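Going by my numbering, 90 is the number at position 43 of the sequence shown; the sequence numbering is gapless.
Each remark here refers to the structure printed beneath this line.
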Amino acid sequence: LSSEFDCSNRATTFEIPNPPPPRAGIRWEWQEARPGGQFTNLPGTLNAAAYTVFPTAGKGGYRYRVEV
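Structure (structure tokens):
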């Protein structure tokens with residue numbers, strides 16, 4: 048997932064379209080990676096259907112994904 052950040056004062060939200068309900072043994076977590084860096088888990092995002100980046104200042108080139 049990627050987004051171009053037009054303004055550092057605006058939030059950008061990434062969403063999973065039609066997320067499945069959480070089930071035993073199946074979970075997902077949002078991850079973030081700096082430009083050229085490795086993905087790391089974002090705290091508090093376990094089984095979240097959306098993740099909002101705010102503020103977006105300094106986040107140009109960052110990448111986001113959902114790890115299942």
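Ideal Cβ positions, reconstructed from N, Cα and C, are used throughout, including at glycine.
Remember, predicted model here, so these are calculated numbers, not experimental data.
For residue i, is the classification buried or exposed, using 16 other Cβ atoms within 10 angstroms of its Cβ as the cut-off for buried?
i	result
residue 60	exposed
Measuring alpha carbon to alpha carbon, tell me which of the options ends up nearest residue i.
i	options	result
residue 108	68, 64, 81	81
residue 85	91, 110, 57	110
residue 98	68, 88, 56	88
Pull the bridge partners of residue i from the DSSP assignment, please.
i	result
residue 85	Answer is none; residue 85 lacks a bridge partner.
residue 57	In DSSP, residue 57 forms no bridge with anything.
residue 100	59
residue 70	73
residue 80	110
Look up residue i in the DSSP assignment and say whether it is helix, strand or coil.
i	result
residue 109	coil
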